[in-house]
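Report on the following structure.
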C-alpha cells in the first residue's frame, strides 16, 4: 500500500490531469459555440458580419489599451479626469474615418441609396470635424505632473488604432465583394495555426535546432515550415469548395437585414477553366528537378530554326535542331481562384503568423498570460484574432490588384453624372454620342436620365 510522499504525488498528478482535461473540454465547448454563432451570422447575411466585425474591433481596442494601465487604473481614474473617455473618442474618430469611405462607396454603387449623396459628399468633412474635436478635448484634459504619462498613453492609443482599425479598415469591402473573400482568409489562418502546432509538437527541433523566435521559445522552424506546406495544400481544396456556393462568391451592394437567395453572374475566377501555369514558375528550378516533378501533362517546348524565323513547338528527343525554350503545364478543370488561393496561403503562412508573434511580444513585455478572460479556455479576442489583421488587409490588396481591377460601376457613374451641372451633363452625353457613333442608336438627354 502506497503511503507518505508517493501517495501525495499520485493525488497531485491526478488532480493536475483532471484540471488539464477540464481546460481542454472548456476550450472545445467554447470553440464549438463560437463556430456555431459565426456560421449563424454567415447565414443571416453580410450586414450582420459587418456588425460582428465592428463589435470585435471595439473589444480588441478595449483589450489592448488597458494593457498599459490595468494594474493601476484606480489611481489614474482619481487623478486624470475623463481618461478613458478620451481614448474612446479617438476610437470613434478612427471608426468614422475608416468606414466613412466604405459607406460612401456603398452609396455610390447602389442607385437606391443615391438619395444619401450628402453623406458621400461630406463624409471626409464629418470625419475631420470629429477629429478636431477629439484633438482639442485631449489637449485640454492634460494635467500638470501627468503630461508625460498622458502623451505616452496617447501614443499607445494611436498604435492600437493602427493595429486594429487601421488593418481592418478594408474588411467591410472584403465582405461586400463576396463572403468568399472574408471566409477563405480566416480559414487559411486557422489552418496554418493548427498545422503549425501539430508540426511543431511532432517534429519540433528534430531537424532544425536553431531558435525561431527568441521571445517565443515554443515556436519552431519545423512548425513554421510544416504549417505553411499544409496551408498551401488545404487552400487548393478549401477555395474549390467555397466556390461552389453563390452565397459566398456573389458580391452585393445593398443592405438587407434577412437571409435571401443571392444570384449573380459568376466571375470567371469562380468558373472551371484550363489555366496555363506561367513558364517563369519553372525557371526558378533546375531543368532536371522540373522533369522529376510528378506533373501529368508537363510539356517541354523547344525553338526550331527555319526560313521564316524560329518557332516554338513540342520538343522531340534527340533532334539536334530543337533547342529547349521553356516548360508548359496546363491545369485542366481547375477554378482560377484555386491558383489565387495558393498566393493567399503563402501570405497566411509566411507573414500573417508574425501578427501572433507581435501579440506574444506584447504579453511578454507586460507580464500577462492572456489579453482578457472573455472567451473561456481561449483568453481574449486578441488571443484569437492576432494573425487575422494582416491577412484581411492582404486580401483586400490582392483582390483589388488581381481580381476586381475595375474601379467604376454603372450605378457609380450615374451617381457621378448626377453631380454634374446641366451644361456638363449635356457635354457628357455629346461625348457618349461620339463614342457610340456608327454602333448603337444615338443617345439623347432624356434617355440617359431615365
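Residue numbers (our numbering): 765 to 1214.
The beta carbon of each residue, even a glycine, is placed where N, CA and C say it ideally should be.
Considering residue i, what are the terminal residues of the beta strand (DSSP E) in which it resides?
{"i": "residue 1037", "result": "1037-1041"}
{"i": "residue 1096", "result": "1086-1098"}
{"i": "residue 1067", "result": "1063-1068"}
Looking only at C-alpha atoms, which of the options sits nearest to residue i?
{"i": "residue 1144", "options": "823, 994, 801", "result": "823"}
{"i": "residue 930", "options": "854, 1051, 998", "result": "854"}
{"i": "residue 1006", "options": "777, 1105, 1024", "result": "1105"}
{"i": "residue 970", "options": "978, 952, 990", "result": "990"}
{"i": "residue 921", "options": "851, 895, 889, 1199", "result": "851"}
{"i": "residue 1043", "options": "1034, 1027, 1063, 1014", "result": "1063"}
{"i": "residue 810", "options": "953, 1026, 974, 1056", "result": "1026"}
{"i": "residue 876", "options": "1192, 1176, 1186, 1188", "result": "1176"}
{"i": "residue 910", "options": "1130, 925, 843", "result": "843"}
{"i": "residue 1235", "options": "856, 832, 1187", "result": "The chain is shown from 765 up to 1214; residue 1235 falls before or after that span and cannot be answered."}
{"i": "residue 803", "options": "1141, 950, 1188, 987", "result": "950"}
{"i": "residue 1160", "options": "1122, 1111, 1178, 1196", "result": "1111"}
{"i": "residue 1037", "options": "1067, 1010, 1100", "result": "1100"}
{"i": "residue 928", "options": "1149, 1168, 1174", "result": "1149"}
According to DSSP, is residue i helix, strand or coil?
{"i": "residue 1106", "result": "helix"}
{"i": "residue 1166", "result": "helix"}
{"i": "residue 903", "result": "helix"}
{"i": "residue 1143", "result": "strand"}
{"i": "residue 1078", "result": "strand"}
{"i": "residue 1031", "result": "coil"}
{"i": "residue 1205", "result": "Low per-residue confidence applies at residue 1205: pLDDT is 49, beneath 50, and the placement is therefore not dependable, though the value from the model is reported in the following sentence. Note: residue 1205 maps to coil in three-state DSSP."}
{"i": "residue 784", "result": "helix"}
{"i": "residue 908", "result": "coil"}
{"i": "residue 796", "result": "helix"}
{"i": "residue 995", "result": "helix"}
{"i": "residue 1011", "result": "helix"}
{"i": "residue 916", "result": "helix"}
{"i": "residue 1016", "result": "coil"}
{"i": "residue 1055", "result": "helix"}
{"i": "residue 1026", "result": "coil"}
{"i": "residue 1083", "result": "coil"}
{"i": "residue 975", "result": "coil"}
{"i": "residue 970", "result": "coil"}
Taking the alpha helix (DSSP H) that residue i falls in, what are its first and last residues?
{"i": "residue 937", "result": "935-940"}
{"i": "residue 1178", "result": "1174-1182"}
{"i": "residue 1072", "result": "Careful: residue 1072 lies outside any alpha helix (DSSP H) and carries neither H nor E."}
{"i": "residue 1135", "result": "Note, residue 1135: premise wrong, no alpha helix (DSSP H); not H, not E."}
{"i": "residue 848", "result": "847-873"}
{"i": "residue 819", "result": "810-829"}
{"i": "residue 1187", "result": "1186-1199"}
{"i": "residue 957", "result": "944-967"}
{"i": "residue 1117", "result": "1117-1129"}
{"i": "residue 931", "result": "Taken as a continuous stretch (DSSP letters only), residue 931 belongs to no alpha helix (DSSP H), as it is neither H nor E."}
Within 10 angstroms of the Cβ of residue i, are there 16 or more other Cβ atoms? Answer buried if so, exposed if not.
{"i": "residue 1069", "result": "exposed"}
{"i": "residue 947", "result": "buried"}
{"i": "residue 1003", "result": "buried"}
{"i": "residue 1016", "result": "buried"}
{"i": "residue 783", "result": "exposed"}
{"i": "residue 938", "result": "buried"}
{"i": "residue 1152", "result": "buried"}
{"i": "residue 956", "result": "buried"}
{"i": "residue 1136", "result": "buried"}
{"i": "residue 1154", "result": "buried"}
{"i": "residue 1158", "result": "buried"}
{"i": "residue 733", "result": "This structure cannot speak to residue 733, because the chain is shown only from 765 to 1214."}
{"i": "residue 891", "result": "buried"}
{"i": "residue 1182", "result": "exposed"}
With residue i and residue j assumed to form a contact (beta carbons below 8 Å), what rounded beta-carbon distance in angstroms separates them?
{"i": "residue 942", "j": "residue 1014", "result": "6 Å"}
{"i": "residue 1046", "j": "residue 1088", "result": "With a Cβ gap of about 11 Å, residue 1046 and residue 1088 do not count as contacting."}
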